[in-house]
Amino acid sequence: MSKLLYSATMSLDGFIAGPDGDMSWLSDYLATPNPGADLLMDEIGSLLVGRRTHTGDDPNAGTEDEGAFGGRWVGPVVVLSRSPERFADTPGLMFSGDVREAVAAAKDAAAGRYVNVLGAGVARSLIEADLLDEVMVFIAPFLLGDGVRLFDRPGGRTVRLEPVDRPEITGPTGRWFEIARRS
Numbered sequence: 643m644s645k646l647l648y649s650a651t652m653s654l655d656g657f658i659a660g661p662d663g664d665m666s667w668l669s670d671y672l673a674t675p676n677p678g679a680d681l682l683m684d685e686i687g688s689l690l691v692g693r694r695t696h697t698g699d700d701p702n703a704g705t706e707d708e709g710a711f712g713g714r715w716v717g718p719v720v721v722l723s724r725s726p727e728r729f730a731d732t733p734g735l736m737f738s739g740d741v742r743e744a745v746a747a748a749k750d751a752a753a754g755r756y757v758n759v760l761g762a763g764v765a766r767s768l769i770e771a772d773l774l775d776e777v778m779v780f781i782a783p784f785l786l787g788d789g790v791r792l793f794d795r796p797g798g799r800t801v802r803l804e805p806v807d808r809p810e811i812t813g814p815t816g817r818w819f820e821i822a823r824r825s
């Protein structure tokens, strides 16, 4: 059965994007090959992304590396959006305005492999619905000071994480966790 994995590259101070979703800070970091990210991509069967991530800034915009996993992702993508009709004519993508329907579609498309979650808003929605299974972050050597946090929900509940040992993917700069389910 497919699991939902929220993965991101994060600055040391906890941001996955700069102010207004700016991703340009990642350009230099992503220029260095990351064998772990390549191994991770091999385990992914589909992507579940938010509208902002789908239409937002890409550190590789305008290059052959534009898109998920440096432009190498080829596979099903489900976009969670409150206005999916806005993108109805986009080929190769599925859209849903309902988090549970989007998850079901992404899991079906993943065919037993991971559903890779991209976007802080989608991850927050999945955590709130108790649907997210795992979190994996690569920590980049930057202090952004402001922007989009990996997880931000003022007044939200504490989410306990348990380490997962996947050094072949995480390497020295990554961390992988399983969400501890509430009893």
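Take 643 as the starting number for the sequence shown in this note's numbering and just add one per residue.
The beta carbon of each residue, even a glycine, is placed where N, CA and C say it ideally should be.
DSSP-derived helix/strand/coil call for residue i
i    : result
L735 : strand
L689 : strand
V745 : helix
A719 : Rather than Ala, the amino acid found at residue 719 in this sequence is Val. In the structure shown, V719 sits in a strand (DSSP, three-state: E or B).
L681 : helix
P814 : coil
Beta bridge counterpart(s) of residue i as assigned by DSSP
i    : result
M652 : I781
F657 : R791
Y671 : In DSSP, Y671 forms no bridge with anything.
N758 : L647, L689
Inter-residue Cα distance where the pair is residue i and residue j
i    : j    : result
S723 : I811 : 30 angstroms
A746 : G660 : 31 angstroms
I781 : M736 : 30 angstroms
L803 : I769 : 12 angstroms
A762 : F657 : 10 angstroms
S738 : I686 : 20 angstroms
A771 : G789 : 24 angstroms
Cβ-Cβ separation, residue j to residue i (assumed contact under 8 angstroms), whole Å
i    : j    : result
M652 : L792 : 5 angstroms
L638 : V720 : Outside the displayed range of the chain (643 to 825) lies residue 638, so it cannot be described from this structure.
A751 : P718 : 4 angstroms
V779 : G813 : So it is not a contact: roughly 12 angstroms between Cβ atoms.
### Query
Counting pairs of beta carbons, one from the stretch 746-757 and one from the stretch 643-655, are three or more of them closer than 8 angstroms?
yes
### Query
Hey, is the stretch 674-681 in contact with the stretch 741-754, meaning 3+ C-beta pairs nearer than 8 angstroms?
no
#### Entry: Cβ pair count under 8 angstroms reaching 3, the stretch 806-821 against the stretch 772-781
yes
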